[in-house]
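Student: Just passing along the structure, written as structure tokens.
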Amino acid sequence: MMLIARVPALRFRLLFLLALFGLLPGGPAAAQTNKQLRRLADLGRVWGELKYFHPGIATGRYDWDSVLVVAATAVLQQDSDQALRSQVDALFALAGPTTAAEFVLDPNLPAHATRNIRHGWVRRSAYLTPAQQTYLLHLYAHPYQGVNYYAQNNPNDEGNIITPHEKPYPAMKLPSLGYRLVGLFRFWNVINYYYPYKYATRRDWDAVLTDLLPLFVQATTAPAYHRAMLTMAATID
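Shown next, in the form of structure tokens:
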């Protein structure tokens, strides 16, 4: 099961980090409010949960990066709680119904085997509706249990994972805002669900996302973007 999968303790290789990012050119972004950033954080978490847990998405059915770019653009342009809720509902509609069986953790597992399993962000969200929260918690309890299209065990390196179908975009000095968010949310979610030492990061992993978001949103120059990437990489030292 992905939640307790093993990967090396050392930071992910730089090439892996670079591969997570959609490197497309783009113009500067307008300043964002704290509320907008918190809505974006919730959108990124929902997007990642569907990517790794929902059979309609985990099998690679959609261009999930492009879906995020469209959703994030709408959330930023409309600047309202309802805009986020509408985009989350749209993601749910794309994913479709799930008939995955309930995943029951072995009650005899030691505590350290499950210490990374944390879904409290769903209930803490000030922006998701109760129905959306219920949907997400149900999905955590009924995850896709087949081979994930986006993250798989490496057959040549036991205990490691590979991301064979993450799109590599043409390398440019500065990605557009939408694709900076794609890169950040790819990174945050793959660590959230696959990195066994997440519990040992210096800062709570949910807080890491809210720390990094303004850096990536405001990275409208190549040097600022590179600094944001370095800051991101340092979160899993």
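Numbered per the working numbering, the sequence shown spans residues 2 to 238.
Where is the CB? At the ideal position from N, CA and C, for every residue including glycine.
Would you report the Cα separation of phenylalanine 93 and arginine 187, rounded to the nearest angstrom?
Tutor: In the sequence shown, counting from the first residue as 1, residue 93 sits at position 92. In the sequence shown, counting from the first residue as 1, residue 187 sits at position 186. Answer to the nearest angstrom: the Cα atoms are 19 Å apart.
Student: Could you check the C-alpha separation between threonine 135 and glycine 97 for me, to the nearest Å?
Tutor: The residue you call residue 135 lines up with position 134 of the sequence shown. The residue you call residue 97 lines up with position 96 of the sequence shown. So the alpha carbons of these two residues sit roughly 15 Å apart.
Student: With 16 as the cutoff for other CB atoms within 10 Å, does arginine 124 come out buried or exposed?
Tutor: Numbered from 1 along the sequence shown, position 123 holds the residue referred to as residue 124. Exposed.
Student: Assuming contact is defined by CB atoms lying nearer than 9 Å, are leucine 77 and tryptophan 48 in contact in what I supplied?
Tutor: By one-based count along the sequence shown, residue 77 stands at place 76. By one-based count along the sequence shown, residue 48 stands at place 47. Going by C-beta atoms, leucine 77 is not nearer than 9 Å to tryptophan 48.
Student: What are the start and end residues of the alpha helix (DSSP H) that includes tyrosine 136?
Tutor: Here residue 136 corresponds to residue number 135 of the sequence shown, with the count starting at 1. It spans 131-142 - the alpha helix (DSSP H) in which tyrosine 136 sits, taken as one unbroken run.
Student: When you compare the CB positions of tyrosine 141 and leucine 85, do they come within less than 9 Å of one another, or not?
Tutor: Here residue 141 refers to the residue found at position 140 of the sequence shown. Here residue 85 refers to the residue found at position 84 of the sequence shown. No; because the gap between Cβ atoms is not below 9 Å, this pair is not in contact.
Student: Would you tell me roughly how many angstroms separate the C-alpha atoms of valine 183 and serine 67, rounded to the nearest one?
Tutor: As a first step, residue 183 must be located in the sequence shown, where it is residue number 182. As a first step, residue 67 must be located in the sequence shown, where it is residue number 66. Going by the C-alpha atoms only, they are around 9 Å apart.
Student: Could you tell me if leucine 138 is buried or exposed, where buried requires 16 or more neighbouring beta carbons within 10 angstroms of its beta carbon?
Tutor: The count along the sequence shown starts at 1 and reaches residue 138 at position 137. So leucine 138 counts as exposed.
Student: Helix, strand or coil for glutamine 153, going by three-state DSSP, please let me know.
Tutor: Here residue 153 refers to the residue found at position 152 of the sequence shown. If DSSP states are grouped into helix, strand and coil, glutamine 153 belongs with the strands.
Student: Should asparagine 155 go down as buried or exposed, given a rule of 16 or more other Cβ atoms within 10 Å for buried?
Tutor: Numbered from its first residue, the sequence shown carries residue 155 at position 154. With fewer than 16 Cβ atoms within 10 Å of its Cβ, asparagine 155 is classed as exposed.
Student: In the DSSP assignment, find the unbroken alpha helix (DSSP H) run with glutamine 146 in it and report its ends.
Tutor: Here residue 146 refers to the residue found at position 145 when the sequence shown is read from its first residue. First-last for glutamine 146: undefined, no H or E at that position.
Student: Give me whichever residues DSSP pairs with isoleucine 162 in a beta bridge.
Tutor: Looking up residue 162 in the sequence shown gives position 161. Looking at the DSSP assignment, isoleucine 162 forms a beta bridge with Asn154.
Student: What's the C-alpha gap between aspartate 43 and threonine 232?
Tutor: As a working note, residue 43 is residue 42 in the sequence shown. As a working note, residue 232 is residue 231 in the sequence shown. Answer to the nearest angstrom: the Cα atoms are 21 Å apart.
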